[in-house]
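S.K.: For the numbering used here, add 58 to where a residue sits in the sequence shown, where the first one is 1. Ideal Cβ placement from N, Cα and C applies to all residues, glycine included.
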Amino acid sequence: MFGISLEIWFVYSLIVLAVFLFVNKRISFDVTSLILLATLVVSGILTPAEGLSGFSNTATVTIACMFILSEGLRRTGALNIVGDWFFKLSQLNYRMAIFIIMMTIGVISAFINNTAAVAIFIPVIIGLSKDLGESASKLLMPMSFAAMFGGVCTLIGTSTNLLVDSIATENGLAGFGMFEFAPVGIIFFAAGFLYLFTMGINLIPERRKDQELTDTFEMQSYLTDVILNAQSPFVDTPLKNTKLIQDLDLDIVEVFDKDGTSKTDRESITLEAEDVLRIRGSVKEINKLLNREDVLIKPSEHWEDKDFEMGNAQLIEAVIAPESSYDGMPLRDIEFYKLYEAQVLAIRQKGKVQQDKLSDIRLQSGTSVLLYAKKERVNDIKTAEEFVLATEIDIPDLNQSKIPVAIAIILGVVGTAALGLLPIVASAICGVILMILTGCLTNEEAYQSINWKVIFLLGGVLPLGVAMQKTGAAQLLADTVITNLEAFGPTAVLSAFFFLSMMLTNLISNQATAALLAPIAIEASTSIGVNAEPLLVAVTMAASLSFMSPIGYQTNTMIFGPGQYQFMDFVKVGTPLNLLFWIIGTFAIPLFWSF
Numbered sequence: 059m060f061g062i063s064l065e066i067w068f069v070y071s072l073i074v075l076a077v078f079l080f081v082n083k084r085i086s087f088d089v090t091s092l093i094l095l096a097t098l099v100v101s102g103i104l105t106p107a108e109g110l111s112g113f114s115n116t117a118t119v120t121i122a123c124m125f126i127l128s129e130g131l132r133r134t135g136a137l138n139i140v141g142d143w144f145f146k147l148s149q150l151n152y153r154m155a156i157f158i159i160m161m162t163i164g165v166i167s168a169f170i171n172n173t174a175a176v177a178i179f180i181p182v183i184i185g186l187s188k189d190l191g192e193s194a195s196k197l198l199m200p201m202s203f204a205a206m207f208g209g210v211c212t213l214i215g216t217s218t219n220l221l222v223d224s225i226a227t228e229n230g231l232a233g234f235g236m237f238e239f240a241p242v243g244i245i246f247f248a249a250g251f252l253y254l255f256t257m258g259i260n261l262i263p264e265r266r267k268d269q270e271l272t273d274t275f276e277m278q279s280y281l282t283d284v285i286l287n288a289q290s291p292f293v294d295t296p297l298k299n300t301k302l303i304q305d306l307d308l309d310i311v312e313v314f315d316k317d318g319t320s321k322t323d324r325e326s327i328t329l330e331a332e333d334v335l336r337i338r339g340s341v342k343e344i345n346k347l348l349n350r351e352d353v354l355i356k357p358s359e360h361w362e363d364k365d366f367e368m369g370n371a372q373l374i375e376a377v378i379a380p381e382s383s384y385d386g387m388p389l390r391d392i393e394f395y396k397l398y399e400a401q402v403l404a405i406r407q408k409g410k411v412q413q414d415k416l417s418d419i420r421l422q423s424g425t426s427v428l429l430y431a432k433k434e435r436v437n438d439i440k441t442a443e444e445f446v447l448a449t450e451i452d453i454p455d456l457n458q459s460k461i462p463v464a465i466a467i468i469l470g471v472v473g474t475a476a477l478g479l480l481p482i483v484a485s486a487i488c489g490v491i492l493m494i495l496t497g498c499l500t501n502e503e504a505y506q507s508i509n510w511k512v513i514f515l516l517g518g519v520l521p522l523g524v525a526m527q528k529t530g531a532a533q534l535l536a537d538t539v540i541t542n543l544e545a546f547g548p549t550a551v552l553s554a555f556f557f558l559s560m561m562l563t564n565l566i567s568n569q570a571t572a573a574l575l576a577p578i579a580i581e582a583s584t585s586i587g588v589n590a591e592p593l594l595v596a597v598t599m600a601a602s603l604s605f606m607s608p609i610g611y612q613t614n615t616m617i618f619g620p621g622q623y624q625f626m627d628f629v630k631v632g633t634p635l636n637l638l639f640w641i642i643g644t645f646a647i648p649l650f651w652s653f
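1) Whole angstroms is fine: what's the gap from F60's alpha carbon to T541's?
2) So S604 and T633 are supposed to be a Cβ contact under 8 Å. How far apart are they, rounded?
3) With a CB to CB cut of under 7 Å and the five nearest residues on each side skipped, what residues in its chain are close to I262?
4) Please state if the CB of I180 and the CB of A448 are separated by a distance shorter than 8 Å.
5) I need the DSSP call for S320, collapsed to helix, strand or coil.
6) What separation, rounded to the nearest whole angstrom, lies between the Cα atoms of P648 and L593?
7) Using DSSP with H/G/I as helix, E/B as strand and the rest coil, what is M401?
8) Along the chain, where does the beta strand (DSSP E) containing E375 start, and where does it finish?
9) Is it right to say K408 is buried, meaning 16 or more other beta carbons lie within 10 angstroms of its own, or is it exposed?
10) What residue does the beta strand (DSSP E) around K410 start on, and which one ends it?
11) If I121 sits next to L220, beta carbons under 8 Å apart, how far is it from one beta carbon to the other, in whole angstroms?
12) In its own chain, which residues sit with a C-beta less than 8 Å from the C-beta of G523, not counting the 5 before and 5 after it?
13) Let me know if M257 comes out buried or exposed under the rule of 16 or more other beta-carbons within 10 Å of its beta-carbon.
14) For S383, which option in Q413, L254 and Q422 has the closest C-alpha, if you only look at C-alpha atoms?
15) Identify the continuous alpha helix (DSSP H) that holds L221 and give its terminal residues.
16) Am I right that I355 and T282 are in contact with their C-beta atoms under 8 Å? What's the rounded C-beta distance?
17) Using a threshold of 8 Å, state whether the C-beta atoms of Q622 and P380 are closer than that.
18) Could you tell me which whole alpha helix (DSSP H) segments of length 4 or greater appear in the region 461 to 497?
19) With a 10 Å radius around its C-beta and 16 neighbouring C-beta atoms as the bar for buried, classify G517 as buried or exposed.
20) With a threshold of 16 other CB atoms inside 10 Å of the CB of D654, please say whether the residue is buried or exposed.
21) Nearest to E591 by CA position, among L499, G610, S652 and V551, is which residue?
22) Tell me whether G185, by its Cβ, gets closer than 7 Å to a heavy atom of the ligand GTP.
23) Keeping to the same chain, check which residues put their C-beta closer than 7 Å to that of G619; ignore five residues upstream and five downstream.
24) Using the Cα positions of F78 and A579, report the straight-line distance between them to the nearest angstrom.
25) Taking the alpha-carbon positions, what's the S91 to A554 distance?
26) Could you check which residue in C123, S417 and V551 has the C-alpha nearest to that of D309?
27) Excluding the five sequence neighbours on either side, which residues of its own chain have a C-beta within less than 7 Å of the C-beta of L558, listed in chain order?
28) My output table needs one value for V431: the three-state DSSP class, helix, strand or coil.
29) With 16 as the cutoff for other CB atoms within 10 Å, does G318 come out buried or exposed?
30) At which residues does the beta strand (DSSP E) containing E312 begin and terminate?
31) Can you confirm whether the region 459 to 478 touches the region 93 to 107 when touching is taken to mean that 3 or more C-beta pairs between the two stretches lie within less than 8 Å?
32) Identify the residues that DSSP records as bridge partners of S86: which are they?
33) Could you check the C-alpha separation between T134 and L492 for me, to the nearest Å?
34) Excluding the 5 residues flanking F514 on each side, which residues of the same chain have their C-beta closer than 7 Å to its C-beta?
35) Let's test the definition: count the other Cβ atoms within 10 Å of the Cβ of F234 and tell me whether it reaches 16, buried, or not, exposed.
36) S426 bridges to which residues according to DSSP?
Here it is, written out as structure tokens:
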């Protein structure tokens with residue numbers, strides 16, 4: 059131990075720091091990655107070229123292209139048509155719905171970014187649950203898990219596969235083919251399907267039972283209508299200057315005239331006698347209105363979603379996306395009305411509806427936000443990378459005439475890579491160019507579709523893997539694993555890497571897990587004299603199949619709020635599945651990749 063170089067200790071310290079920051083989340087993971095990169099270069103462990111190698115890595119470029127290709131397919135409306143198709147078939151019964159949802163999402167996720175697929179189908183499945191009379195939570199979790207099942211079946215199904223493939227080729231290995239993961243991936247898919255269809259379906263709780271957003275977010279307790287009396291001193295005063303709202307810390311959701319017509323331009327509204335003010339506030343603040351003579355509280359009524367569709371606005375449920383820049387920000391720092399012309403009415407976080415002191419609440423990935431937004435701006439909210447919409451809306455700008463073109467481009471990318479005509483990175487770049495030239499999406503839409511946080515994450519953590527190999531830190535960790543397990547054979551070593559990757563990805567991102575463990579797996583294979591491929595497959599499969607935590611994989615985070623899940627729901631349903639996959643992976647992987 060005392061013979062370990064200072065460089066190795068330094069790299070180990072950085073790994074510990076990285077894991078702590080990834081878990082803590084006080085600093086976003088892309089910034090954490092850049093801190094790692096800068097530290098490695100400034101310390102002299104890596105040259106500037108080595109430090110920036112993560113951004114030029116073929117996996118990073120390919121993943122950026124896959125974001126664009128998925129967006130091109132989405133903007134044509136191809137996935138919406140698929141959604142409508144399985145929506146009709148799934149209405150037969152609950153078990154048929156589970157079957158069709160899992161098969162459809164699984165197949166789609168094998169060829170496009172699975173987070174994009176899940177984002178599109180969340181509102182569809184919530185709508186389907188209403189028609190079936192089932193809790194949405196009983197459908198959303200199987201969808202998320204199926205997206206992971208499908209993602210491990212192809213090289214492009216998940217960023218982790220591309221990342222490990224790139225690390226393999228950089229270390230002189232052959233890399234993986236487009237469908238090389240399919241045999242084991244299909245085994246995982248079949249096992250996961252059978253588990254969810256039998257045991258798992260009984261473990262998934264019925265969380266989201268209320269069908270109306272007004273019920274889901276318990277609006278009855280913090281929303282009311284008040285009538286402005288003719289004698290009120292606030293009559294003939296601009297809405298934005300009224301002290302009634304400022305004094306009582308209330309928010310005006312909407313203003314109606316005495317005939318019930320919504321006054322839409324908030325900046326120019328002048329209050330008049332008998333105007334109806336729909337206000338949001340705590341029970342304590344609303345009760346203070348009872349003692350005022352200038353307003354009259356209307357009799358309490360049971361709110362329904364249709365009560366908020368009389369004007370040019372509507373209720374929508376938006377989920378803070380896994381890589382949203384709003385993750386960790388207090389609500390007061392986000393000017394929702396200025397940015398989106400939307401008001402925040404309530405927040406559901408950690409399974410509880412928050413209605414009081416909303417401005418102090420720090421948003422988190424997976425948090426559901428109830429918005430009252432102008433209808434013409436709802437599509438802007440849907441396309442913003444900060445959110446995943448859980449409410450079905452009509453999308454006005456779908457370019458359905460380009461559906462055959464977009465599908466042909468995706469098939470071309472897959473086909474040329476599968477046949478070995480082009481490397482996957484070249485095939486993906488060509489696909490992006492064709493998507494833009496054929497008008498499936500614009501240059502601006504292409505840039506906006508890229509999740510730059512993921513790109514910067516890869517740009518920062520890949521050099522850490524280089525540093526681990528360059529300093530010998532990866533070899534030392536590999537030797538530690540081998541010392542304890544070599545006597546049990548290479549299968550035990552593979553099993554250890556699968557288990558370690560499976561557990562670590564529940565704490566940090568799947569990409570970071572793969573980037574950290576893949577170099578160690580390669581060094582371990584060299585030390586025990588076996589092929590590296592089985593160990594690398596174990597790392598990438600386990601990193602992409604995380605079921606025990608809502609933060610372990612992006613699709614789990616996306617359904618956490620809309621499904622009204624609690625953390626332990628994933629532990630109860632996901633732990634048996636992860637243990638099952640650990641056993642299957644230990645014995646199935648060597649059947650297709652020999653030691």
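M.R.: On the basis of the data shown:
1) Within the sequence shown, numbered from 1, the residue matching residue 60 stands at position 2. Within the sequence shown, numbered from 1, the residue matching residue 541 stands at position 483. Unreliable placement is indicated for F60, whose pLDDT of 46 sits below 50; no coordinate value is reported for it.
2) Residue mapping note: residue 604 aligns to position 546 of the sequence shown, counting from 1. Residue mapping note: residue 633 aligns to position 575 of the sequence shown, counting from 1. So it is not a contact: roughly 11 Å between Cβ atoms.
3) Translated into positions along the sequence shown, residue 262 becomes position 204. These residues qualify, in order along the chain: S195, K196, M199 and V631.
4) If you number the sequence shown from 1, residue 448 lands on position 390. If you number the sequence shown from 1, residue 180 lands on position 122. Yes, the pair counts as a contact, with Cβ atoms nearer than the cut-off.
5) For this step, residue 320 is matched to residue 262 along the sequence shown. Taken through DSSP and simplified to helix, strand or coil, S320 comes out as strand.
6) In the sequence shown, the residue the question calls residue 648 occupies position 590. In the sequence shown, the residue the question calls residue 593 occupies position 535. Taking the straight line from one Cα to the other gives about 9 Å.
7) Locating residue 401 in the sequence shown gives position 343, counting from the first residue. In the sequence as presented, Met is not what sits at residue 401; that position holds Gln. Note: Q401 maps to strand in three-state DSSP.
8) If you number the sequence shown from 1, residue 375 lands on position 317. Where E375 is concerned, the enclosing beta strand (DSSP E) stretches over A371 to I378.
9) As a working note, residue 408 is residue 350 in the sequence shown. With fewer than 16 other Cβ atoms within 10 Å, it is exposed.
10) Position 352 of the sequence shown, counted from the first residue, corresponds to residue 410. Counting along the chain, the beta strand (DSSP E) containing K410 begins and ends at K410 to Q412.
11) To locate residue 121, count along the sequence shown from 1; it is residue 63. To locate residue 220, count along the sequence shown from 1; it is residue 162. At roughly 6 Å, the Cβ-Cβ gap stays under 8 Å, so I121 and L220 are in contact.
12) Numbered from 1 along the sequence shown, position 465 holds the residue referred to as residue 523. The residues are I225, A532, A573, L574, A576 and P577.
13) Position 199 of the sequence shown holds residue 257. Taking all protein chains shown into account, M257 has fewer than 16 neighbouring C-beta atoms within 10 Å of its C-beta and is therefore exposed.
14) Within the sequence shown, the letter at position 325 stands for residue 383. Among Q413, L254 and Q422, the Cα nearest to that of S383 belongs to Q422.
15) One-based indexing of the sequence shown puts residue 221 at position 163. Unbroken alpha helix (DSSP H) run through L221: S217 to E228.
16) Taking the first residue of the sequence shown as 1, we reach residue 355 at position 297. Taking the first residue of the sequence shown as 1, we reach residue 282 at position 224. Contact flag correct, Cβ pair sits at about 6 Å.
17) As a working mapping, residue 622 is identified with position 564 in the sequence shown. As a working mapping, residue 380 is identified with position 322 in the sequence shown. Taking 8 Å as the Cβ cut-off, Q622 and P380 do not qualify as a contacting pair.
18) 461 to 476 and 482 to 495
19) Within the sequence shown, numbered from 1, the residue matching residue 517 stands at position 459. Buried: at least 16 other Cβ atoms inside 10 Å.
20) Any property of residue 654 remains undetermined from this structure, which presents the chain solely from 59 to 653.
21) In the sequence shown, residue 591 corresponds to position 533, counting from 1. The option with the nearest alpha carbon to E591 is S652.
22) With respect to the ligand GTP, the structure offers nothing, as it holds no ligand at all.
23) Position 561 of the sequence shown holds residue 619. V377, R406, G424, T425 and S426.
24) Taking the sequence shown and counting its residues from 1, one reaches residue 78 at position 20. Taking the sequence shown and counting its residues from 1, one reaches residue 579 at position 521. Straight through space, the alpha carbons of A579 and F78 are spaced by roughly 22 Å.
25) Along the sequence shown, one-based indexing puts residue 91 at 33. Along the sequence shown, one-based indexing puts residue 554 at 496. Each residue's Cα considered, the two are about 26 Å apart.
26) For this step, residue 309 is matched to residue 251 along the sequence shown. Nearest option by C-alpha distance: S417.
27) Taking the sequence shown and counting its residues from 1, the one referred to as residue 558 is at position 500. Counting only Cβ-Cβ distances below 7 Å, and skipping sequence neighbours, we find L575.
28) Working through the sequence shown from its first residue, we reach residue 431 at position 373. It should be noted that the sequence gives Ala, not Val, for residue 431. In the structure shown, A431 sits in a strand (DSSP, three-state: E or B).
29) As a working mapping, residue 318 is identified with position 260 in the sequence shown. Its Cβ having fewer than 16 others within 10 Å, G318 is exposed.
30) In the sequence shown, the residue the question calls residue 312 occupies position 254. Segment D309 to F314, the beta strand (DSSP E) holding E312.
31) no
32) For this step, residue 86 is matched to residue 28 along the sequence shown. Looking at the DSSP output, S86 shares a beta bridge with no other residue.
33) The residue you call residue 134 lines up with position 76 of the sequence shown. The residue you call residue 492 lines up with position 434 of the sequence shown. T134 and L492: Cα-Cα distance of roughly 14 Å.
34) Within the sequence shown, numbered from 1, the residue matching residue 514 stands at position 456. Excluding sequence neighbours, F514 sits near D88, S91 and L92.
35) Here residue 234 refers to the residue found at position 176 of the sequence shown. Counting Cβ neighbours within 10 Å, F234 comes out buried, since at least 16 surround it.
36) Position 368 of the sequence shown, counted from the first residue, corresponds to residue 426. Per DSSP, V377 and R406.
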